[in-house]
Amino acid sequence: MNVHVPDNARRDLALVGCPECAFRFETPNYRLGMQHRCPECDTAVKPKYVRRAQDSGYSLSYHTFLQLLTMRPYRDEIVPLIAAWFDYSVEYRGRALIVRNAAGRTVDVETMHEMIQSTPRWQIVLYRKAGKFFR
């Protein structure tokens, strides 16, 4: 999946490599750990991290975002925040995380993460909340 990189995230790019063809390409830091479509071989892959670029200081990786949603005590503060922003509900079935919108449809967590990371106001609030836990 190739995505539009918002202007505020242009300096927050990481260099990654396709595990199938070894092609290197840039992706926003916040998309590290998410699935991409390789621009060279067109394979859907989770690219291998090569080098993270200097970022704005507010981006969170997808891995960190998942930790915030699934692990206590993080989720006890982060899930209500997400619910307030999007009117989403979050449920846990064992280790599985299920996010639903107000209509009851399942929400793609990667898409939700991208929406947050491409909206400066939400990105900063989430980063500051995460900072309380990871200091």
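Numbered by the numbering used here, the letters in the sequence shown go through residues 1497 to 1631 in order.
Yeah, the Cβ is synthetic: ideal placement off N, Cα and C, and Gly gets one too.
What is the DSSP secondary structure of T1560, counted as helix, strand or coil?
Per DSSP, reduced to three states, the secondary structure at T1560 is helical.
Residue range of the unbroken beta strand (DSSP E) whose run includes F1630
Looking at the DSSP string, F1630 is not in any beta strand (DSSP E), and its letter there is neither H nor E.
T1607, DSSP secondary structure in three states
DSSP places T1607 in the helix class (H, G or I) of the three-state scheme.
Beta-carbon proximity of K1544 to G1513, cut-off 8 Å:
A contact, by the Cβ cut-off of 8 Å.
Determine whether the beta carbon atoms of E1477 and C1537 lie at a separation below 8 Å.
Since the first residue of the chain shown is 1497 and the last is 1631, residue 1477 is not available in this structure.
Suppose you measure from the CA of V1605 to the CA of Q1563; what does that come to, to the nearest Å?
For V1605 and Q1563, the distance between alpha carbons rounds to 12 Å.
Rounded straight-line distance, which links the Cα of I1574 to that of M1530
Each residue's Cα considered, the two are about 20 Å apart.
Go to R1571, then tell me how far its alpha helix (DSSP H) extends in each direction, as first and last residue.
Boundaries of the alpha helix (DSSP H) harbouring R1571: 1570-1582, taken from the DSSP string.
Rounded C-alpha distance that separates R1591 from P1569
Answer to the nearest angstrom: the Cα atoms are 15 Å apart.
One question on the structure: do L1556 and Y1623 come within less than 8 Å of each other, judged by their Cβ atoms?
Yes, Cβ-Cβ distance for L1556 and Y1623 is below 8 Å.
According to the neighbour-count rule (16 or more other Cβ atoms, all chains shown, within 10 Å of its Cβ), is T1560 buried or exposed?
T1560 comes out buried.
So, L1593 versus T1566, is the Cβ gap smaller than 8 Å?
Against a cut-off of 8 Å, the Cβ pair of T1566 and L1593 comes out as a contact.
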